[in-house]
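Colleague: My numbering puts the sequence shown at residues 5 to 356.
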Amino acid sequence: MPAVKLKTKAYAAQSPTQPLESFEIERRQPGVYDVLIEIKFCGVCHSDIHQARDEWGNAIFPMVPGHEIAGIVGLVGENVSKFKVGDRVGVGCLVNSCRTCDSCKEGLEQYCEKGSVATYNGYERDGKTPTYGGYSKQVVVDQNFVVRIPESIPLDAAAPLLCAGITTYSPLMHWKAGPGKSVAVVGLGGLGHMAVKIANAMGANVTVLSQSLRKKTDAERFGAKAAYATSDPATFKALASSFDLIINTISSSADITQYLSLLKRDGTMVLVGAPPEPLQVPAFSLIPKRRSFAGSMIGGLPETQEMLDFCAKHGLAADIEVIAIDKINEAYDRMMNGDVRYRFVIDLATLT
Ligand code: NAP
Ligand code: ZN
Ligand code: ZN
Numbered sequence: 005m006p007a008v009k010l011k012t013k014a015y016a017a018q019s020p021t022q023p024l025e026s027f028e029i030e031r032r033q034p035g036v037y038d039v040l041i042e043i044k045f046c047g048v049c050h051s052d053i054h055q056a057r058d059e060w061g062n063a064i065f066p067m068v069p070g071h072e073i074a075g076i077v078g079l080v081g082e083n084v085s086k087f088k089v090g091d092r093v094g095v096g097c098l099v100n101s102c103r104t105c106d107s108c109k110e111g112l113e114q115y116c117e118k119g120s121v122a123t124y125n126g127y128e129r130d131g132k133t134p135t136y137g138g139y140s141k142q143v144v145v146d147q148n149f150v151v152r153i154p155e156s157i158p159l160d161a162a163a164p165l166l167c168a169g170i171t172t173y174s175p176l177m178h179w180k181a182g183p184g185k186s187v188a189v190v191g192l193g194g195l196g197h198m199a200v201k202i203a204n205a206m207g208a209n210v211t212v213l214s215q216s217l218r219k220k221t222d223a224e225r226f227g228a229k230a231a232y233a234t235s236d237p238a239t240f241k242a243l244a245s246s247f248d249l250i251i252n253t254i255s256s257s258a259d260i261t262q263y264l265s266l267l268k269r270d271g272t273m274v275l276v277g278a279p280p281e282p283l284q285v286p287a288f289s290l291i292p293k294r295r296s297f298a299g300s301m302i303g304g305l306p307e308t309q310e311m312l313d314f315c316a317k318h319g320l321a322a323d324i325e326v327i328a329i330d331k332i333n334e335a336y337d338r339m340m341n342g343d344v345r346y347r348f349v350i351d352l353a354t355l356t
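(1) Which one of Pro69, Glu59 and Gly194 has the shortest CA to CA distance from Pro282?
(2) Looking only at its chain, what residues have a beta carbon closer than 7 Å to the beta carbon of Thr133, apart from the 5 residues adjacent to it on each side?
(3) In three-state DSSP terms, what is Asp52?
(4) Around the Cβ of Pro175, are there at least 16 other Cβ atoms within 10 angstroms (buried) or fewer (exposed)?
(5) Relative to the C-alpha of Ser107, which candidate in Thr354, Leu305 and Arg347 has its C-alpha closest?
(6) If I'm right that Cys97 touches Ile302 with Cβ under 8 Å, what's the distance once you round it to whole angstroms?
(7) For the segment 268-277 against the segment 288-297, are there 3 or more C-beta pairs whose distance is under 8 Å?
(8) Could you name each continuous beta strand (DSSP E) segment of 3 residues or more that falls completely within the segment 33-77, going from the start of the chain to the end?
(9) Three-state secondary structure (DSSP) at Ala14?
(10) Please classify Gly131: is it buried, with 16 or more other beta-carbons within 10 angstroms of its beta-carbon, or exposed?
(11) Going along the chain, which residues of its own chain have a beta-carbon closer than 8 Å to the beta-carbon of Thr239, five neighbours each way excluded?
(12) Reducing DSSP to helix, strand and coil, say where Phe247 ends up.
(13) Have a look at Thr123 and Thr211 and give me their C-alpha separation to the nearest angstrom.
(14) If you follow the beta strand (DSSP E) that Phe297 is in, where does it begin and where does it stop?
(15) Val80 and Val357 - do their beta-carbons sit closer together than 8 Å?
(16) Check whether the segment 185-198 and the segment 217-229 touch, using three or more Cβ-Cβ pairs below 8 Å as the test.
(17) Measure the beta-carbon distance from Pro4 to Tyr115 and round it to whole angstroms, keeping in mind my assumption that it falls under 8 Å.
(18) Within 10 Å of its beta-carbon, does Gly299 have 16 or more other beta-carbons around it, so buried, or fewer, so exposed?
(19) Straight-line CA distance for Leu159 to Ile29?
(20) State the Cα-Cα distance for the pair Val82 and Glu42, rounded to the nearest angstrom.
(21) Taking C-alpha atoms, which residue in Ile64, Lys86, Ala63 and Ala74 lies nearest to Val36?
(22) Hey, Val285 and Ile260: beta-carbon distance below 8 Å or not?
(23) How far does the alpha helix (DSSP H) with Thr172 in it reach, from first residue to last?
(24) Rounded to the nearest angstrom, how far is the Cβ of Val200 from that of Gly169, given a contact under 8 Å?
(25) Does ligand 1 have even one heavy atom less than 7 Å from the beta-carbon of Ser3?
(26) Per the contact definition of three or more C-beta pairs closer than 8 Å, is the segment 145-154 in contact with the segment 328-336?
(27) With Ser214 as the anchor, note down where its beta strand (DSSP E) starts and where it stops.
(28) Val144: which of Leu320, Tyr15 and Val39 sits nearest, CA to CA?
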């Protein structure tokens, strides 16, 4: 393997209260099973904000966020068989796991019983080397945690699929969204807009529940049959007991009871949104109609590849606004104000 320079430019948060700024990190020398990726684009997930601002209480600083990574293979270790230099590839929220527990053996590495290794804000399996994410020029990842981006999806619009795409595809598959199923998507942000596109492509009848009707035209363009404003109490009366499945993507705490009231008998609401505050779930919002309240976390490596191939087959990708990296703090503020349609994606060519 040729010697490579592994000092890598990045953007980092140094504390929960400071804006992100330019920072230099060091990537490991690629091992025999590693792929070095030249990062071209990285999506901006709301989880980046939760973590950079230490809202989940598990932040490790300095933190280089970013787990929606799309790029080109620049180097491969000598035993790498899955990729070659020049391939279009992606990395999502995971860069390693134990590979031997039941979850790992089933391709559900996100639920690794020994704890999977997060792409950033985590530690490698040695328990001490911090991981740094995709707000950077290069990353070195084991080939088993790299996926192939289909030729038909532009790299910038593919990046958000690595988290927003898989996080919504996985529960839609698990709870069998498809023809004859009525699915509501709550919150039309990065995750929500992908949930609508994917559920519609699966053949489900999709309704969007957004705080207002501002995004109604977009919701319909993404494939929703209807969109309702949750600020209007009449919405909850009109839609009572009407959904088989609700994908809840809300990033801050909201009244869960009113959304549970929209489930049919035996319906399920899946929480993918991860607000820091505990949620209140009254017993009688679940018991009388045998409703389920569930959670779901990203997706494993095989399912992530399956999702990318599904998106290619159905002509799906994220609706994005490409930004220069020095606009990242502004982008965070805009996301907090709901001013994003529908995912910011950093162009790493702007990190010089
Ligand atoms: P986002 O783009 O900011 O979208 C969140 C949407 O939630 C907003 O667009 C808004 O939709 C709605 N919302 C926000 N505050 C609300 C409130 N108080 N009441 C009602 N609706 C509200 O965020 P994202 O990147 O899609 O992420 C969404 C959440 O999923 C975050 O908590 C993130 O950490 C989490 N997440 C979880 C996983 C997982 O594995 N489970 C993976 C990725 C992200 P409207 O404007 O349409 O109302
Ligand atoms: Zn994410
Ligand atoms: Zn495992």
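C-beta atoms are modelled at their ideal positions from N, C-alpha and C, and glycine is treated no differently.
Modeller: Reading off the structure:
(1) For the purposes of this step, residue 282 is identified with residue 278 of the sequence shown, where counting begins at 1. Considering only alpha carbons, the answer is Glu59.
(2) Position 129 of the sequence shown, counting from 1, holds the residue named residue 133. Tyr127, listed in sequence order.
(3) Numbered from its first residue, the sequence shown carries residue 52 at position 48. Helix at Asp52.
(4) Numbered from 1 along the sequence shown, position 171 holds the residue referred to as residue 175. Buried is the call here.
(5) Working through the sequence shown from its first residue, we reach residue 107 at position 103. For the residues Thr354, Leu305 and Arg347, the minimum Cα distance to Ser107 belongs to Leu305.
(6) In the sequence shown, counting from the first residue as 1, residue 97 sits at position 93. In the sequence shown, counting from the first residue as 1, residue 302 sits at position 298. With a Cβ gap of about 5 Å, Cys97 and Ile302 count as contacting.
(7) yes
(8) 38-47
(9) Working through the sequence shown from its first residue, we reach residue 14 at position 10. It is a strand residue.
(10) Counting from one through the sequence shown, the residue named residue 131 turns up at place 127. It counts as exposed.
(11) Against the sequence shown, residue 239 aligns to sequence position 235. Within the same chain, Thr239 has close Cβ partners Leu213, Tyr232 and Ala233.
(12) Your numbering for residue 247 matches position 243 in the sequence shown. The answer is strand: DSSP assigns Phe247 an E or B state.
(13) On the sequence shown, position 119 is the one that residue 123 refers to. On the sequence shown, position 207 is the one that residue 211 refers to. If I take the Cα positions, the gap works out to 33 Å.
(14) The count along the sequence shown starts at 1 and reaches residue 297 at position 293. Per DSSP, Phe297 belongs to the beta strand (DSSP E) from Ser296 to Gly299.
(15) The structure shown has nothing for residue 357, since the chain only spans 5 to 356.
(16) yes
(17) Residue 4 falls outside the range modelled here, since the chain spans only 5 to 356, and no answer is possible.
(18) Locating residue 299 in the sequence shown gives position 295, where the first residue counts as 1. Result: exposed.
(19) Position 155 of the sequence shown, counted from the start, is the residue given in the question as residue 159. Position 25 of the sequence shown, counted from the start, is the residue given in the question as residue 29. Rounded to the nearest angstrom, the two C-alpha atoms are 24 Å apart.
(20) In the sequence shown, counting from the first residue as 1, residue 82 sits at position 78. In the sequence shown, counting from the first residue as 1, residue 42 sits at position 38. The question names Val, yet the displayed sequence has Glu at residue 82. Spanning the two alpha carbons is a distance of roughly 18 Å.
(21) Counted from its first residue, the sequence shown places residue 36 at position 32. Looking at the Cα atoms, Lys86 is the closest of the given residues.
(22) Stepping through the sequence shown from its first residue, residue 285 is reached at position 281. Stepping through the sequence shown from its first residue, residue 260 is reached at position 256. Result yes, Cβ atoms of Val285 and Ile260 sit closer than 8 Å.
(23) Here residue 172 corresponds to residue number 168 of the sequence shown, with the count starting at 1. Residues Ala168 to His178.
(24) Locating residue 200 in the sequence shown gives position 196, counting from the first residue. Locating residue 169 in the sequence shown gives position 165, counting from the first residue. So it is not a contact: roughly 12 Å between Cβ atoms.
(25) Nothing can be reported for residue 3, as the shown portion of the chain is limited to 5 through 356.
(26) no
(27) Walking along the sequence shown from the start, residue 214 turns up at place 210. Residues Asn209 to Ser214.
(28) Within the sequence shown, the letter at position 140 stands for residue 144. Selected option, being the one with the closest Cα: Val39.
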